[in-house]
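Undergrad: Sharing a structure below in structure tokens format, with a few things to ask.
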Ligand SMILES: [Fe+2]
Ligand SMILES: [Fe+2]
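Protein chains in written order, with the working numbering: chain E, 2 to 329; chain Y, -17 to 234.
Below is the structure:
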């Protein structure tokens, strides 16, 4: 996930330029559920869409390390600290596989990172919200990793082979993250009044941003059609969001905490939960850079990059001197 | 001090070393010079943390007072922690991190190697496991030390300065007390005198490869084994223990 369904803008232009026969053969392979591999012919627009989506996903993994890293030094038990460290380590690993998957399409990690730092590339807006209490670590695992899984499971069948394979590996770890997050929430909700209040407060703050993770409603994301046809996307934003709500609301009930939505109700006829209006203005504000932590997240990344320059230069100089491939 | 008390305290010190270093390393997550290095840092922190938990658990078992690993980590005060001062030093830049890692791990590896054959099976088993992890850490950090030392003029100067800055905490590694003595005599524990020689020899070779100079012996700081820390330590502890202290008796 973490791609926010914003990745399908204006990618139809390339189509005109591509040879009609190649295009038809390409689409036939996709329709036959064949995987497209790095060396195969593909339309430019398909390539660009994937580069944007995969790199956005990779950036999200990397930026996502920050809100959780914020609690590494304050985790309340050694076991929780170990689980959180392992999680943050997994996210760095996800970032690495995804950058590699994107590189198969002809871009470089250096370019992608430069785009992230310049603000040109996006990452999931959810990570622009602050982690204020320990319960936020539970809420992120439960809701954010939970939403990510909803989006990522279908990506395991994405038409582009390297992305699909990266997602298979990543999904296994994400579901572990989700369970751990839920376990934190469970402990809090079965704990003292203060702990329970902490859990409720976290749900209050993370619920709506989690729903926004699926991207704008289907009516406002008309370019999804092309991604669907290419089998990059298998379900619409609204379908995935509905799935998430249906799965998550009973979990909140089990925890004994209230989903902060007065309009939420179960429709026995459809078998789905109906939920209130999402504040899309907030979504677009945060996306445009006006969230609580946008600046902080990018500044931290930029600082790490700048502070590490002399180290990378040293590794490079050493490798030159000793005729090795640049290490690290 | 009975031999079991000495063993318990020795285990706690091992746990403290591992935990405090894990804590410092986890401050560095999401700020590495390369993504691969961020992954390695988290991985190392996780290894030390795992070791700390095993050392504490064995100490608690021996102590038999019903305390847990979390009591050891979160409910002891400044003066009760007996980690090496080197490990609590704040993160400065990547060169300092690497020097801290190399100075400590090259000692710790020898310490663990000796403990693999010690008279307490519980400790010996943990040492054997930790030894594998630390061997890998040391290889990784040593490679970085060589790259930085023999990289650019700037990196050479920086990492040489790191060595000078942290050298004063290296004397304490070998500054054994009664606990170390009982360990050596009654549990076939490490001989700090011979470890010091091996450590110096290994370090000299490594620093030569890295084109770095071994700092002149200077005044050495110490106090970790007596729970007498540097000023940085109280802040580290305050941060680490904050939730357990704020909500006494809560489960997480
Ligand atoms: Fe992830
Ligand atoms: Fe995750």
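We treat Cβ as the ideally placed atom computed from N, Cα and C, and that holds for glycine.
(1) How would you label residue 146 (chain E), buried or exposed, when you count the other beta carbons within 10 angstroms and need 16 or more for buried?
(2) Output the boundary residues of the beta strand (DSSP E) element that contains residue 266 (chain E).
(3) To the nearest whole angstrom, what separates the beta carbons of residue 85 (chain Y) and residue -7 (chain Y), a pair I think is in contact under 8 Å?
(4) Does any CB atom of chain Y fall closer than 8 Å to the CB of residue 311 (chain E)?
(5) So, at 6 Å on beta carbons, what are the nonlocal neighbours of residue 193 (chain Y) in its own chain, with the 5 sequence-adjacent residues on each side left out?
(6) Going by other Cβ atoms of all chains shown within 10 Å of its Cβ, with 16 needed for buried, is residue 10 (chain E) buried or exposed?
(7) Taking 8 Å as the threshold (beta carbon to beta carbon), is residue 175 (chain Y) in contact with chain E?
(8) Taking residue 29 (chain Y) as the reference, which of E:40, E:27, E:280, E:79 has the closest Cα?
(9) May I ask you to check if the CB of residue 75 (chain Y) is nearer than 7 Å to at least one heavy atom of ligand 2?
(10) Report, in whole angstroms, the separation of the C-beta atoms of residue 60 (chain Y) and residue 101 (chain Y), which I expect to be a contact under 8 Å.
(11) Please indicate yes or no: does the CB of residue 262 (chain E) lie closer than 7 Å to some heavy atom of ligand 1?
(12) If we call anything under 8 Å between Cβ atoms a contact, is residue 1 (chain E) one with residue 258 (chain E)?
(13) What is the DSSP secondary structure of residue 38 (chain Y), reduced to helix, strand or coil?
(14) Could you please give the first and the last residue of the uninterrupted beta strand (DSSP E) stretch that includes residue 273 (chain E)?
(15) With 8 Å as the threshold, decide whether the Cβ of residue 7 (chain E) is near any Cβ in chain Y.
(16) Does the beta-carbon of residue 63 (chain E), which I'm using as the reference point, lie nearer than 7 Å to any heavy atom of ligand 1?
(17) Let's test the definition: count the other Cβ atoms within 10 Å of the Cβ of residue 315 (chain E) and tell me whether it reaches 16, buried, or not, exposed.
(18) Between the C-alpha atoms of residue 144 (chain E) and residue 172 (chain Y), what's the straight-line distance to the nearest angstrom?
(19) Quick check: the Cα distance between residue 47 (chain Y) and residue 197 (chain E), rounded to an integer number of angstroms?
(20) Closer than 7 Å by C-beta to residue 4 (chain Y): which residues in its own chain qualify, once you throw out the five before and the five after it? Chain order, please.
(21) Nearest by alpha-carbon distance to residue 131 (chain E): which of E:298, E:310, E:306, E:289 is it?
(22) Hey, how far is the Cα of residue 98 (chain E) from the Cα of residue 118 (chain E)?
(23) In angstroms, rounded to a whole number, what distance separates the CA positions of residue 228 (chain Y) and residue 291 (chain E)?
TA: Checking against the coordinates, here is how it stands:
(1) buried
(2) 266 to 268
(3) Between residue -7 (chain Y) and residue 85 (chain Y) the Cβ distance is about 22 Å, and since that is not below 8 Å, they are no contact.
(4) yes
(5) 131, 132
(6) Its pLDDT being 46, under 50, residue 10 (chain E) is placed unreliably in this model, and the value from its coordinates should be taken loosely. Classification of residue 10 (chain E): exposed, given that the 10 Å Cβ count is below 16.
(7) no
(8) E:79
(9) no
(10) Not quite, the Cβ-Cβ distance comes to about 31 Å (not below 8 Å), so this is no contact.
(11) no
(12) The question about residue 1 (chain E) has no answer, for chain E in this structure spans 2 to 329.
(13) helix
(14) 273 to 275
(15) Low local confidence applies: a pLDDT of 49 at residue 7 (chain E) is under 50, so the model's placement there is unreliable, and no value is given.
(16) no
(17) buried
(18) 49 Å
(19) 31 Å
(20) 27, 30, 31, 34
(21) E:298
(22) 19 Å
(23) 33 Å
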